[in-house]
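Written out below as structure tokens is the structure these notes cover.
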Ligand SMILES: NC(=O)c1ccc[n+]([C@@H]2O[C@H](COP(=O)([O-])OP(=O)(O)OC[C@H]3O[C@@H](n4cnc5c(N)ncnc54)[C@H](O)[C@@H]3O)[C@@H](O)[C@H]2O)c1
């Protein structure tokens, strides 16, 4: 049994991660301030003997944690890119920049104090609007330091720099996971990421809103697969200082996703197009050969299966 800190555990990926860690009989301490997560996401764990919650903003001085810590997963950060969402990184710019930089710094120090293994949740956004397809971990990206998305992209890039520095110069077992678009049950509706928007709009027979002409592509990973990959990365020895992409390689246009959701929900929704979004990447697809080679990980949930589970979740929460 490992004693594990998960920051951002009340979020989409964090709560899936905690579910799987508890299933493996680990002891989990979640640190979250509910900035973009939800208390409901933690409800299933609250009575679990191996779970505890520290409600705290990790950009503030960290609370003292008694006893040893084996692993730290640092996932805390706003993640939605939708300008219209009150919990997107556009709406929470300072919070986003600080949690990925100052927060990361403090959690790296905590890891050092405990000689703990550390994973920083980075993102495919560090590749920016990529000029290489698919994106390998060795690709340095095409990112604006000052554009609208830089608050997220550059904060993540600096979080990576900090993690790499601690691994290289302070001999911490620090690792970086570059997560690509992830979806699944439990996403907050006001988060307004693409699929949660499509599913909730379709279930209410409202117009499905697409930014631009919908020919931009996305590869969507199912949250249980993403969480499983991140845990496999943590479990594996001798990967200090590594960077690994985790995501799905099944690429579809945004328009295709909208049609799939309409079909699977049997919705009467129409598709409408809204103005294009500045800096919206046109294509994103991970090269996951490193994850396959080093972790023996690959996604196992089909898009149709994942979408059906997600649709069932929102059907139940809308009742
Ligand atoms: N979901 C994706 O598609 C995706 C893709 C790439 C990277 N990521 C990264 O994975 C991580 C988790 O993403 P998610 O989709 O689960 O996001 P989410 O918004 O659902 O969860 C993030 C969690 O972090 C918490 N949090 C934010 N700031 C905090 C702070 N200062 N102190 C304590 N807790 C704080 C929030 O309350 C929330 O529970 C993030 O770091 C995100 O950047 C996600």
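Numbering (the working numbering), first residue to last: 3 to 321. The beta-carbon is built from N, C-alpha and C at its ideal position, and this holds for glycine as well. Source: prediction; values computed, not measured.
>> According to DSSP, is residue 297 part of a helix, a strand, or is it coil?
In response: For the purposes of this step, residue 297 is taken as the residue at position 295 of the chain shown. Helix.
> CA-CA distance, residue 131 and residue 49?
Replying inline: In the chain shown, residue 131 corresponds to position 129, counting from 1. In the chain shown, residue 49 corresponds to position 47, counting from 1. One C-alpha to the other measures close to 44 Å.
> Considering only the beta carbon of each residue, do residue 248 and residue 160 sit closer than 8 Å?
Replying inline: Locating residue 248 in the chain shown gives position 246, where the first residue counts as 1. Locating residue 160 in the chain shown gives position 158, where the first residue counts as 1. No, the Cβ-Cβ distance between residue 248 and residue 160 is not below 8 Å.
> What's the call for residue 43, buried or exposed, on a 16-neighbour Cβ count within 10 Å?
Replying inline: In the chain shown, counting from the first residue as 1, residue 43 sits at position 41. So residue 43 counts as buried.
> Do the segment 151-167 and the segment 84-98 make contact, defined as three or more Cβ pairs closer than 8 Å?
Replying inline: yes
> Can you give the beta carbon distance from residue 196 to residue 256, rounded, assuming they're within the 8 Å contact cut?
Replying inline: As a working mapping, residue 196 is identified with position 194 in the chain shown. As a working mapping, residue 256 is identified with position 254 in the chain shown. Right, the Cβ-Cβ distance comes to about 7 Å (below 8 Å), so this counts as a contact.
> Would you say the segment 221-237 touches the segment 174-189, given that touching needs at least three Cβ pairs under 8 Å?
Replying inline: yes
> How do the segment 209-224 and the segment 284-299 stand: do at least 3 beta-carbon pairs fall below 8 Å, yes or no?
Replying inline: yes
> What residues are listed by DSSP as bridge partners for residue 135?
Replying inline: Counting from one through the chain shown, the residue named residue 135 turns up at place 133. Residue 135 pairs with nothing; no bridge assigned.
> Between the Cα of residue 194 and the Cα atoms of 17, 318, 85, 29, which residue gives the shortest distance?
Replying inline: By one-based count along the chain shown, residue 194 stands at place 192. Ranking the options by Cα distance to residue 194, first place goes to 85.
>> Quick test of your reading: residue 269 and residue 207, contact by CB under 8 Å. State the CB separation rounded to the nearest angstrom.
In response: Here residue 269 is taken as the residue at index 267 of the chain shown, counted from 1. Here residue 207 is taken as the residue at index 205 of the chain shown, counted from 1. About 6 Å; that satisfies the 8 Å criterion.
> DSSP puts residue 255 in a beta bridge; with which residues?
Replying inline: For the purposes of this step, residue 255 is taken as the residue at position 253 of the chain shown. For residue 255, which the question treats as bridged, DSSP gives the partners 219.
>> For ligand 1, I want to know if residue 60 counts as a neighbour, meaning its beta carbon is within less than 7 Å of at least one of the ligand's heavy atoms.
In response: Stepping through the chain shown from its first residue, residue 60 is reached at position 58. Within the cutoff, so yes.
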